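K.L.:
Sharing a structure here in structure tokens format.
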Amino acid sequence: MGLNRSQNHALQQLIDERATELEEKIRETLPRPADETTLDRTGMAQDQVDDATTSAEEHLNHTLHEHYVHEMRQIGAARERAAKGMLDLCEDCGSDIGYERLRAQPSAVRCVGCQEVHERRLATLRR
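Sequence positions in the sequence shown follow our numbering and run 645 to 771.
This is the structure we're talking about:
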């Protein structure tokens, strides 16, 4: 069926809004300088528990940063597909992804059926 002009515009707007959110999240999760200690940041020294907590927070921050960067790449790919008029085409079967699915996940690359197959394959590989 394909997207009409209004739907395409609405999806472009969602993509742009998400990109703006991601840019902020990426900035917030940028790694801190390795030589910046808690003492430098807070004026207070750390004990071993504080060190462990800081390490866990840094690991979480790093994981979130990687997730946001990955999603930003997906947004970039969605923008490229949109520019080619292919935003709503499933990369596996070529059928329509569907407007409602794209509203929920503007960077979706597969229709629901193909996404389910893809996720089952991934689950099998992870075992």
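The beta-carbon is built from N, C-alpha and C at its ideal position, and this holds for glycine as well. This structure is a prediction, so every number in the text was calculated from the model and none was measured.
Taking the alpha carbon of Leu658 as the reference point, which residue from Arg747, Val761, Arg754 and Ala767 has its own alpha carbon closest?
P.N.:
Arg747
K.L.:
Quick one: measure Cβ to Cβ for Leu655 and Glu715, integer angstroms, because I've assumed they're closer than 8 Å.
P.N.:
Contact doesn't hold; Cβ gap of about 16 Å is too wide.
K.L.:
Return the residue from the list Thr768, Ala722, Cys734 and Pro675 that minimises the CA-CA distance to His703.
P.N.:
Pro675
K.L.:
Taking Cβ to Cβ, would you say Thr664 is nearer than 7 Å to Leu708?
P.N.:
no
K.L.:
Counting only the same chain and skipping the five closest in sequence on each side, list residues whose C-beta sits under 6 Å from that of Cys758.
P.N.:
Cys734, Asp736 and Cys737
K.L.:
Leu733 by DSSP, collapsed to three states: which one?
P.N.:
Judged by DSSP in its simplified three-state form, Leu733 adopts strand.
K.L.:
For a quick check, are the C-beta atoms of Ser751 and Ala727 less than 7 Å apart?
P.N.:
no
K.L.:
From Ile719 to Ser699, what distance separates their C-alpha atoms?
P.N.:
30 Å
K.L.:
With distance defined between alpha-carbon atoms, name the residue in Asp660, Arg770, Arg765 and Asn705 nearest to Arg832.
P.N.:
What the structure shows of the chain is the stretch from 645 to 771, and residue 832 is not part of that stretch, so it cannot be assessed.
K.L.:
Could you spell out where the alpha helix (DSSP H) holding Leu647 opens and where it closes?
P.N.:
Neither: Leu647 is in no alpha helix (DSSP H) and is coded neither H nor E.
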